[in-house]
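Peer 1: The structure follows.
In this note's numbering, the protein residues as written are 14 to 503.
Here you go:
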């Protein structure tokens, strides 16, 4: 966000600042409250301030202003309440020009009034243009977004379902119903019931996978058939129910991870808790539950080699609830790290900000509401300082190749010379892919190692060496690249 007064001359600034008062604010001080009338125009002299809005949550920034930028001018001139709050991101100095001082200068200084209002019109016009461009981009992205089979009817091959799959599905329902009766009448113990239910469910998923591999041209019809036939059973599981009704239109794995980490197995009827245990034992659920450890270990390694007195700067893109980061600060000796968490979901990021504030380590984190799709297209109002590490464990699953490359370029530009990027992407060979796509409707972009290598080679990282490894479950690929190697090559 550029809020400078573009058309003012050096002499104009000198005249204004001679009349201004200098106010100092400590970190986290409120400079201008949301919903209040501004009685002055403010210009940042030193330090950085953040813009907050009540709807996004406390301590969550939607923009930052740096020295030379102005705020409070619209409320001041139009006599309307402010739409945002302005908070000191660090210790800051602010020039404050009150109404009487400004009116006197605009009346007495030749040409100042014209240049001043021309600057304000330019700022407002720029913001309007940015908003219009943003709307155009979002409409364009909706048009090019992958088709995720929003309709379950009318699929090609709906009357050509393989007989063996129909038989296996009927056997699945029959066997589960039989187990339910045994549980109801206490004719089977809990362990044996779980073993049999796991076997029944795994057999169905295995058959589904085989049929889709054999007849890919009717894959959607096959998946829809299984979805319809098994839905009444699988939705007895609390986790499957919530995961199916997840917020957002794509695979929101931050939400899923929270379900896995916070909730114990539960469900309805006699089968629900058994089905819940089954899905939680699948590779994808295990991988998502434990993936934070990979990031934590990488951060700990960087901390050991960090020799600066200032905190190690790290940014998490599409951070969600930021649980792996918050856990770092719950340790007996919190690390010397400052993490900038960026996410477009205001509920998740404001929740993380509230936890940080409650436990007293908000000074070690910066929370920003922004959309990584817009960051990739250059529409972001946020600019973060160079980072030692930038990572994301979910963003790549939602990005088409073009967006992925643009995000890589953005990351490259925001890394320190020896900084590293760590990105996770769902593995194309994910053993649960069929289950996720056809039963839970978790639609993501899956990739192979060679796909990730190609994307990095087409970005600013180009031929820098990559480390790509799968997690122990074969669910996700983690790619690590160090920017410093470009200097070694030169």
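Beta carbons: idealized from backbone N, C-alpha and C, even for Gly.
With H, G and I counted as helix, E and B as strand and the rest as coil, what does DSSP make of residue 492?
Peer 2: Reading the chain shown from its first residue, position 479 is the one you call residue 492. Of the three classes helix, strand and coil, the one that applies to residue 492 here is strand, per DSSP.
Peer 1: Go through its chain and collect everything with a Cβ distance to residue 161's Cβ below 6 Å, but skip five positions before and after it.
Peer 2: By 1-based counting over the chain shown, the position of residue 161 is 148. Unreliable positioning characterises residue 161 in this predicted model, as indicated by a pLDDT of 46, which lies under 50. A coordinate reading is not provided.
Peer 1: Suppose only complete runs of 4+ residues qualify. What are the alpha helix (DSSP H) ranges in the region 21-56, listed by chain order?
Peer 2: Fully enclosed alpha helix (DSSP H) runs of 4 or longer: 23-32.
Peer 1: Just how far apart, CA to CA, sit residue 302 and residue 270?
Peer 2: Counting from 1 along the chain shown, the entry for residue 302 is found at position 289. Counting from 1 along the chain shown, the entry for residue 270 is found at position 257. Distance between the alpha carbons of residue 302 and residue 270 is about 6 Å.
Peer 1: Please name the residue or residues paired with residue 439 in a DSSP beta bridge.
Peer 2: Counting from 1 along the chain shown, the entry for residue 439 is found at position 426. DSSP output for residue 439 lists 489 as bridge partner(s).
Peer 1: Can you check whether the CB of residue 228 is closer than 8 Å to the CB of residue 175?
Peer 2: Residue mapping note: residue 175 aligns to position 162 of the chain shown, counting from 1. Residue mapping note: residue 228 aligns to position 215 of the chain shown, counting from 1. Against a cut-off of 8 Å, the Cβ pair of residue 228 and residue 175 comes out as a contact.
Peer 1: Check whether the region 103-116 touches the region 26-41, taking contact to mean three or more Cβ pairs, one atom from each stretch, closer than 8 Å.
Peer 2: yes
Peer 1: Locate the alpha helix (DSSP H) running through residue 63, then write down its first and last residues.
Peer 2: Here the question's residue 63 lines up with position 50 in the chain shown. Premise fails: residue 63 lies in the beta strand (DSSP E), 62-65, not in any alpha helix (DSSP H).
Peer 1: Over the uninterrupted beta strand (DSSP E) stretch that includes residue 77, give me the two end residues.
Peer 2: Here residue 77 is taken as the residue at index 64 of the chain shown, counted from 1. Element bounds for residue 77: 73-78.
Peer 1: Leaving aside the five residues before and after residue 384 along the sequence, list all residues of the same chain whose C-beta is less than 7 Å from its C-beta, in chain order.
Peer 2: As a working note, residue 384 is residue 371 in the chain shown. The residues are 357.
Peer 1: Would you kindly check if the distance between the Cβ of residue 292 and the Cβ of residue 250 is under 8 Å?
Peer 2: One-based indexing of the chain shown puts residue 250 at position 237. One-based indexing of the chain shown puts residue 292 at position 279. In contact: residue 250 and residue 292 (Cβ atoms closer than 8 Å).
Peer 1: Could you pull the start and end residues of the alpha helix (DSSP H) that residue 378 belongs to?
Peer 2: Position 365 of the chain shown, counting from 1, holds the residue named residue 378. Where residue 378 is concerned, there is no enclosing alpha helix (DSSP H), although the beta strand (DSSP E) it sits in stretches over 378-382.
Peer 1: For residue 157, count the other beta carbons within 10 Å of its own beta carbon; 16 or more makes it buried, fewer makes it exposed. Which is it?
Peer 2: Taking the chain shown and counting its residues from 1, one reaches residue 157 at position 144. Unreliable placement is indicated for residue 157, whose pLDDT of 44 sits below 50; no coordinate value is reported for it.
Peer 1: With respect to the alpha helix (DSSP H) encompassing residue 216, which residues constitute its N-terminal and C-terminal limits?
Peer 2: Translated into the one-based positions of the chain shown, residue 216 becomes position 203. That run of the alpha helix (DSSP H) goes 203-227.
Peer 1: On the DSSP bridge assignment, give the partners of residue 108 in chain order.
Peer 2: Locating residue 108 in the chain shown gives position 95, counting from the first residue. For residue 108, which the question treats as bridged, DSSP gives the partners 35, 56.
Peer 1: Determine the burial state of residue 164: buried for a count of at least 16 other Cβ atoms within 10 Å of its Cβ, exposed for fewer.
Peer 2: As a working note, residue 164 is residue 151 in the chain shown. By the C-beta density criterion, residue 164 is exposed, having fewer than 16 other C-beta atoms within 10 angstroms.
Peer 1: Do the CB positions of residue 444 and residue 296 come within less than 8 Å of each other?
Peer 2: On the chain shown, position 431 is the one that residue 444 refers to. On the chain shown, position 283 is the one that residue 296 refers to. A contact, by the Cβ cut-off of 8 Å.
Peer 1: Just the Cα atoms here: how many angstroms apart are residue 432 and residue 255?
Peer 2: Against the chain shown, residue 432 aligns to sequence position 419. Against the chain shown, residue 255 aligns to sequence position 242. Distance between the alpha carbons of residue 432 and residue 255 is about 38 Å.
Peer 1: Following the continuous beta strand (DSSP E) through residue 351, name the residue where it begins and the one where it ends.
Peer 2: Residue numbering aside, residue 351 sits at position 338 when the chain shown is read from its first letter. Note, residue 351: beta strand (DSSP E), 350-356.
Peer 1: Taking just the CA atoms, how far does residue 322 sit from residue 159?
Peer 2: Counting from 1 along the chain shown, the entry for residue 159 is found at position 146. Counting from 1 along the chain shown, the entry for residue 322 is found at position 309. Bear in mind that the predicted position of residue 159 carries a pLDDT of just 47, short of 50, making it unreliable; the figure below should be weighed with that in mind. The alpha-carbon of residue 159 is positioned some 46 Å away from that of residue 322.
Peer 1: Among all the DSSP beta bridges, which residues are the ones paired with residue 460?
Peer 2: For this step, residue 460 is matched to residue 447 along the chain shown. BP columns for residue 460 point to 440.
Peer 1: So the alpha helix (DSSP H) residue 99 belongs to, where does it begin and stop?
Peer 2: What you label residue 99 is simply residue 86 of the chain shown in a count that begins at 1. Note, residue 99: premise wrong, no alpha helix (DSSP H); beta strand (DSSP E) at 98-101.
Peer 1: Starting from residue 68 and walking both ways along the beta strand (DSSP E), at which residues does that stretch end?
Peer 2: In the chain shown, residue 68 corresponds to position 55, counting from 1. Where residue 68 is concerned, there is no enclosing beta strand (DSSP E), given that its DSSP letter is neither H nor E.
Peer 1: Please report the Cβ distance between residue 314 and residue 351, rounded to the nearest whole angstrom; I am assuming they are in contact, meaning their Cβ atoms lie under 8 Å.
Peer 2: If you number the chain shown from 1, residue 314 lands on position 301. If you number the chain shown from 1, residue 351 lands on position 338. Their Cβ separation, rounded to whole angstroms, is 17 Å, which puts residue 314 and residue 351 out of contact at 8 Å.
Peer 1: Got a sec, what are the start and stop residues for the alpha helix (DSSP H) residue 190 sits in?
Peer 2: For the purposes of this step, residue 190 is taken as residue 177 along the chain shown, with counting starting at 1. Per DSSP, residue 190 belongs to the alpha helix (DSSP H) from 176-197.
Peer 1: Please work out which residues of its chain come closer than 8 Å, Cβ to Cβ, to residue 288, disregarding the five sequence neighbours upstream and downstream, and give them in chain order.
Peer 2: One-based indexing of the chain shown puts residue 288 at position 275. Cβ within range, chain order: 210, 214, 246, 247, 249, 250, 253, 280.
Peer 1: Using the three-state DSSP reduction, which class does residue 248 fall into: helix, strand or coil?
Peer 2: Counted from its first residue, the chain shown places residue 248 at position 235. Coil.
Peer 1: For the beta strand (DSSP E) containing residue 482, name the first residue and the last one.
Peer 2: By 1-based counting over the chain shown, the position of residue 482 is 469. Residues 479-483.
Peer 1: Might you give, ordered along the chain, the residues of its own chain that have their beta carbon closer than 6 Å to the beta carbon of residue 379, omitting 5 neighbours on each side?
Peer 2: Taking the first residue of the chain shown as 1, we reach residue 379 at position 366. Take residue 379, set aside five residues on each side of it, and the residues of its chain with a beta-carbon closer than 6 Å to its own are 353, in chain order.
Peer 1: Could you name the residues that DSSP lists as bridge partners for residue 404?
Peer 2: Working through the chain shown from its first residue, we reach residue 404 at position 391. Looking at the DSSP assignment, residue 404 forms a beta bridge with 329, 435.
Peer 1: Measuring alpha carbon to alpha carbon, tell me which of 484, 37, 244, 85 ends up nearest residue 12.
Peer 2: Since the first and last residues shown for the chain are 14 and 503, residue 12 lies out of range.
Peer 1: I'd like the list of long-range same chain contacts for residue 418, defined as Cβ closer than 8 Å, with 5 residues on each side in sequence excluded.
Peer 2: As a first step, residue 418 must be located in the chain shown, where it is residue number 405. Hits under 8 Å: 468, 471, 472.
Peer 1: Where does residue 469 fall in DSSP's three states?
Peer 2: For the purposes of this step, residue 469 is taken as the residue at position 456 of the chain shown. Helix.
Peer 1: Between the beta-carbon of residue 23 and the beta-carbon of residue 99, is there less than 8 Å?
Peer 2: One-based indexing of the chain shown puts residue 23 at position 10. One-based indexing of the chain shown puts residue 99 at position 86. In this structure, residue 99 does not lie closer than 8 Å to residue 23 by Cβ.
Peer 1: Relative to the C-alpha of residue 403, which residue among 179, 97, 329, 124 is closest?
Peer 2: Stepping through the chain shown from its first residue, residue 403 is reached at position 390. Checked all of 179, 97, 329, 124; the closest Cα to residue 403 is 329.
Peer 1: Look at the Cβ atom of residue 429, then the Cβ atom of residue 400, and state whether they are nearer than 8 Å.
Peer 2: The residue you call residue 429 lines up with position 416 of the chain shown. The residue you call residue 400 lines up with position 387 of the chain shown. For residue 429 and residue 400, yes; Cβs fall inside 8 Å.
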